[in-house]
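Numbering (this note's numbering), first residue to last: 25 to 329.
Put into structure tokens, the structure is as follows:
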């Protein structure tokens, strides 16, 4: 199997409260997300880097699923990979056990740190300060697991990052039953393949995911009876207005929710805001009656404009 030299820095982490597990990584190499992150909900996460042996990603997850602890996985790798001295790995499992391994032949600066629920590691870095900054940021900032991991990358980049520069980044997070659109376990899967500021771009993409997830979470609170509908609508509007990116789909999401609650006039205003930002949204709105989101009478008022 062809090996690729991948200087990079990454974090693997588990959140025992949310039961999310994932990998965030960045590198001065193209498409780091296609090689480094390996994640399986309820099992663990592996980052395989330096002179990459991608087989260690899938094999590592299988060994974790078989009951091995992260440090035991590394010992097993020593028996199946004759050049583990060239590899770097971060491993965390769904019990919060973790390890960071750096082979003695990795190009300096190379090293890592690990603790309960996380491991950070990097090679061909400007210095150890990159890893220190990542660890401190992850441990001392709040928010979702994804946000904390991306913030760790941002801190590592500010500390100097990859000695060669910047090019790509990726973020993968899994949780049982929390896959996109309600299918599978892959909650977040973001890649920045080639960008002058990949970590900043990754953070921007995560904002898009998180504002959409916030709206879904609020709607679920209403459905479960834990949040009043009027308060929910207010919170959804605040989330949309606070978001700085494109809002056409967010306004349409709010409109369908308002309509489902019988708030027809409020839903009308939200659709108008969606169309004002992107008139082409009418090309999907006209099919909403067929999908069961809106009825023909409601949609026709916009088709006639």
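Using N, Cα and C, we set each Cβ at its ideal position, and we do this for glycine too.
The structure displayed is predicted, hence computed values, not measured ones.
The three-state secondary structure of residue 286, taken from DSSP, is coil. The Cβ atoms of residue 115 and residue 174 lie no closer than 8 angstroms to each other. Setting aside the 5 residues that flank it on each side, residue 302 is surrounded in the same chain by 270 and 272, each with a C-beta closer than 8 angstroms to its C-beta; the list follows chain order. Of the other Cβ atoms in all chains shown, fewer than 16 fall within 10 Å of the Cβ of residue 327; this residue is therefore exposed. Listed in chain order, the alpha helix (DSSP H) runs fully inside the region 247-276 are 253-266, counting runs of at least 4 residues.
One thing to note: residue 144 has its Cβ within 8 angstroms of the Cβ of residue 124. Note that the C-beta distance between residue 63 and residue 193 is not below 8 angstroms. Per DSSP, reduced to three states, the secondary structure at residue 79 is helical.
In the three-state reduction of the DSSP assignment, residue 67 falls in the coil class, being assigned neither a helical nor a strand state.
For residue 61, the three-state secondary structure derived from DSSP is strand.
Boundaries of the alpha helix (DSSP H) harbouring residue 320: 320-327, taken from the DSSP string. Each residue's CA atom was taken as its position, placing residue 286 and residue 236 some 22 angstroms apart. With respect to the 8 angstroms criterion, residue 200 and residue 48 are not classified as neighbours on the basis of their beta carbons. Residue 95 and residue 203 have their alpha carbons spaced roughly 29 angstroms apart.
Between residue 155 and residue 166, the C-beta spacing is not below 8 angstroms.
Short of 7 angstroms from the beta carbon of residue 130, and not among the five residues preceding or following it, lie these beta carbons of its own chain, in chain order: 74, 110, 112 and 147. If you look at residue 210, you'll find it in the beta strand (DSSP E) that goes 210-216.
Note: residue 144 is bridge-paired with 35 and 137 in the DSSP secondary-structure output. In the DSSP secondary-structure assignment, residue 111 is bridged to 74.
The region 70-88 makes no contact with the region 206-213, as fewer than three CB pairs between them are under 8 angstroms.
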